[in-house]
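There are 2 protein chains.
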Amino acid sequence: MAVPIKPGRASSLILTQAARPSTFEVEARNEKGERVLTPIAGEHPLTLYLDRRELVTLMTLGAAPEALALGYLRNQRIVDDIASIAAVQVDWDTASVAVTTLDGQHWDRPEVRARLEKRTVTTGCGQGTVFGDLMDAVDAVALPADARLTEAVLYSVMEQVRQHESIYKQAGAVHGCALCSNAGADRGEIVYFVEDVGRHNAVDAIAGRMWLDGVDGGDKIFYTTGRLTSEMVIKCAQMGIPFLLSRSGLTQMGHAIAERVGITMIGRCQGRHYLLFTGGERFVAPTATAFA
Amino acid sequence: MAVPIKPGRASSLILTQAARPSTFEVEARNEKGERVLTPIAGEHPLTLYLDRRELVTLMTLGAAPEALALGYLRNQRIVDDIASIAAVQVDWDTASVAVTTLDGQHWDRPEVRARLEKRTVTTGCGQGTVFGDLMDAVDAVALPADARLTEAVLYSVMEQVRQHESIYKQAGAVHGCALCSNAGADRGEIVYFVEDVGRHNAVDAIAGRMWLDGVDGGDKIFYTTGRLTSEMVIKCAQMGIPFLLSRSGLTQMGHAIAERVGITMIGRCQGRHYLLFTGGERFVAPTATAFA
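Those sequence lines, one after another, are chains R and G.
Every position in the first sequence, counted from 1, becomes a number in my numbering once 4 is added.
Every position in the second sequence, counted from 1, becomes a number in my numbering once 4 is added.
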């Protein structure tokens, strides 16, 4: 479900609000020979232009295209500061999102040109990323040492996500991400919930929303239905979020990067079960032993 | 599990056989405070060089790196004919795979240069793809009109896949693909089974193996654990396979492309259940009505 974008610090930004409908019905036939109307998830190409230059085509559910474009630019480290962005304008007739910077010449910056010249494409179910460059960025991340996650809050997050209305429940074929609070009266509750056909799009859209609303990651928890691969961990670190939860498993490189950056990573979160993999010093549970 | 590559038509090819171990054990702590040794899937960067020029970095399980590199070049339509390839050499010390063409100057071909110049990156949990270009290619695909899939063979494929030993059962965090026979004595049986951390890598590795062994897609069935998004359907069509099965759901664009190219697409294959979405004229079931 699309959470409406509430422009915060970036309130002078020109922003369309061009969410697409998320599900469509098609007819199928089941094993009994019955015709079944089946909801399926939307998938739309969206070509991102930065100061009139084509950068990438994202295949997206289209629920949060403006936040997706911003988060993509942020997580790929193509734009470093939302204050340099003047407008984000989605036009589905041309399947495009135009991001305009204040000076209109973002491409001319030497660091941007250098970054895009050595651009390669990573997969692992991922999208275009300058991998080595991202690892450098991750090494510069300092997550708050005193942040703590209690088992009670972990279970609260899992329950909130379970109850959340979702495209996945209706139509499948999407991944979901939730940014949850780990402080104050709404601790353990969902701040943003985004689904997309690509799991990296969902993460990027959350990063875009955090930018728009001026939200810091230090007192937050990140939940994803997707696997904890290297890129997922890198993006969570880049957003400054110390806690990464997933319903799914993890990869060796996801594990190695989480250890290196000191993220508290918990996988296989289902029902009352979970596996704490890294960063145990920040996790507080009744059963806790000296595991770190 | 890695099926050994048996060079077929391409037997003069120089080919390493550099599969990596697929799982690693890490220690985790569960909700009872118990230490649990947990197998996790490997994930390794593998940078693909074509005639000494860097093309892409793939994040892969590493079970079939040579086939993955070939399938990537095939499915991205960067190389059109395996006969033009002289060597595929994986070196994990440098995390690279070097593909060498016979003339050593593949980049100088105008059609390759043109294709890579307009290269954009698609996601949808996908990898770099020239999307518009791929759609053109799909429109040129003619799938065999007389191919038929019976429900009995569908159930056989589902059962074979269910019983197959897999990284997924051990460690999760991977997607699997199977190419299955739809002709002869081994109808309904698995020809190749590949898993990878990226679902597109698994498809590409199968495409690479088909190339290596000179295997045609017309009398085959493709099964994936992953979602039926646009790129998955496009790749299946490019491989000339008329039947696409998935345990998961589908997206609107996956559905639209399957209808356009005339693939028989069946989703939600689990146990004795399935949903036939497109191409019903090729599917033979006891319950079949005039659904097409």
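Glycine is no exception: its CB is placed at the ideal position from the N, C-alpha and C atoms.
Going by DSSP, name the residue or residues bridged to residue i.
i              : result
H179 (chain R) : R:D200
P43 (chain G)  : G:E29
A102 (chain G) : G:Y53, G:Q93
T64 (chain G)  : G:H48
G271 (chain R) : R:L279
E115 (chain R) : DSSP output for E115 (chain R) lists no bridge partner at all.
L72 (chain R)  : According to DSSP, L72 (chain R) bridges with nothing at all.
C184 (chain R) : R:I194, R:I225
L232 (chain G) : G:L254
T154 (chain R) : R:V288
E58 (chain G)  : G:Y53
Closest to residue i by C-alpha separation, out of the options, would be which residue?
i              : options                        : result
G283 (chain G) : G:I261, G:P290, G:G66          : G:I261
F197 (chain R) : R:L106, R:G46, R:A206          : R:A206
D140 (chain G) : G:E193, G:R166, G:R81          : G:R81
A18 (chain G)  : G:A102, G:R57, G:P148, G:F226  : It is worth fixing the name first, because residue 18 (chain G) is Ile in this sequence and not Ala. When each option's Cα is compared against that of I18 (chain G), the closest is G:A102.
S16 (chain G)  : G:T291, G:L74, G:G180, G:A90   : G:A90
D55 (chain R)  : R:G188, R:G253, R:V92, R:A144  : R:V92
G66 (chain R)  : R:G202, R:E263, R:M257, R:V60  : R:G202
R231 (chain G) : R:K36, R:A45, R:G222, R:L106   : R:A45
T228 (chain G) : G:L248, G:G222, G:L106         : G:L248
R264 (chain R) : R:P69, R:Q274, R:V237          : R:V237
V165 (chain G) : G:G176, G:A151, G:C181         : G:C181
Q21 (chain G)  : G:E70, G:E193, G:A118          : G:E70
G244 (chain G) : G:F226, G:Q256, G:T104         : G:F226
E193 (chain R) : R:S160, R:W215, R:Q167         : R:S160
L62 (chain R)  : R:V288, R:F287, R:V94          : R:V94
L106 (chain G) : G:T154, G:D85, G:R117          : G:D85
G221 (chain R) : R:V145, R:T27, R:E235          : R:V145
V142 (chain R) : R:E38, R:R286, R:G258          : R:G258
V288 (chain R) : R:A241, R:D150, R:D217, R:E163 : R:D150
S26 (chain R)  : R:A68, R:W111, R:N34           : R:A68
Q256 (chain R) : G:E285, G:G176, G:W215         : G:G176
R57 (chain R)  : R:R117, R:F28, R:E29           : R:R117
Buried or exposed: where does residue i fall if 16 or more other Cβ atoms within 10 Å of its Cβ makes it buried?
i              : result
A156 (chain R) : exposed
T64 (chain G)  : buried
R24 (chain G)  : buried
P290 (chain G) : exposed
Q131 (chain G) : Because Q131 (chain G) sits at a pLDDT of 37, beneath the cut-off of 50, its placement in the model cannot be relied upon, and the point is left open.
G188 (chain R) : exposed
K239 (chain R) : buried
P114 (chain R) : exposed
S88 (chain R)  : exposed
G37 (chain G)  : exposed
S277 (chain G) : Checking the sequence, you will find His at residue 277 (chain G) rather than Ser. With fewer than 16 other Cβ atoms within 10 Å, it is exposed.
G108 (chain G) : exposed
A241 (chain R) : buried
E35 (chain R)  : buried
D112 (chain G) : exposed
D217 (chain G) : buried
Spatial neighbours of residue i within its chain, please: CB distance less than 6 angstroms, with the 5 preceding and 5 following residues excluded, ordered by chain position.
i              : result
L77 (chain R)  : V83
D208 (chain R) : L72, G75, Y76, N79
D223 (chain R) : N186, A187
L147 (chain R) : P246, G266
G211 (chain R) : At residue 211 (chain R) the sequence reads Ala, which differs from the Gly that was named. Cβ neighbours of A211 (chain R) beyond the five flanking positions: G75, R78, N79, M243.
Below 7 angstroms CB to CB, which residues in the same chain sit around residue i once its five sequence neighbours on both sides are set aside?
i              : result
A32 (chain R)  : V40, T42
V178 (chain G) : A45, L65, I171, Y172, E199, D200, V201
Q271 (chain G) : Residue 271 (chain G) is actually Gly in this sequence, not Gln. Contacts found: L232, S250, S252, G253, L254, L279, F281.
A3 (chain R)   : With chain R covering 5 to 296 only, the question about residue 3 (chain R) has no answer from this structure.
R191 (chain G) : V157, S185
Q274 (chain G) : R251
T154 (chain R) : V288
Is there at least one Cβ from chain R nearer than 9 angstroms to residue i's Cβ?
i              : result
M162 (chain G) : no
F247 (chain G) : no
Y278 (chain G) : yes
A254 (chain G) : Contrary to the premise, residue 254 (chain G) reads as Leu rather than Ala in this sequence. It does: the Cβ of L254 (chain G) has a partner Cβ on chain R nearer than 9 angstroms.
K36 (chain G)  : yes
A1 (chain G)   : The structure shown does not extend to residue 1 (chain G), since chain G is modelled only from 5 through 296, so no value can be given for it.
Excluding sequence positions up to five away, which residues of its chain have a Cβ less than 8 angstroms from the Cβ of residue i?
i              : result
V219 (chain R) : G12, L183, V195, R213
Y53 (chain G)  : L59, S100, V101, A102, V103
I'd like to know whether the C-beta of residue i is nearer than 9 angstroms to at least one C-beta of chain G.
i              : result
C129 (chain R) : In this prediction, C129 (chain R) scores a pLDDT of 36, lower than 50, which makes its location untrustworthy; no coordinate-derived value is stated.
T154 (chain R) : no
T126 (chain R) : Unreliable placement is indicated for T126 (chain R), whose pLDDT of 47 sits below 50; the coordinate value is still reported in the next sentence. Yes, contact with chain G.
M5 (chain R)   : Reliability of the predicted coordinates at M5 (chain R) is poor, the pLDDT of 38 falling under 50, and no value is obtained from them.
V30 (chain R)  : yes
K239 (chain R) : no
Check: Mind listing which residues of the segment 200 to 231 of chain G have their C-beta closer than 7 angstroms to chain B's C-betas, in chain order?
Finding: Within the model displayed, chain B is absent; protein chains R and G are what it includes.
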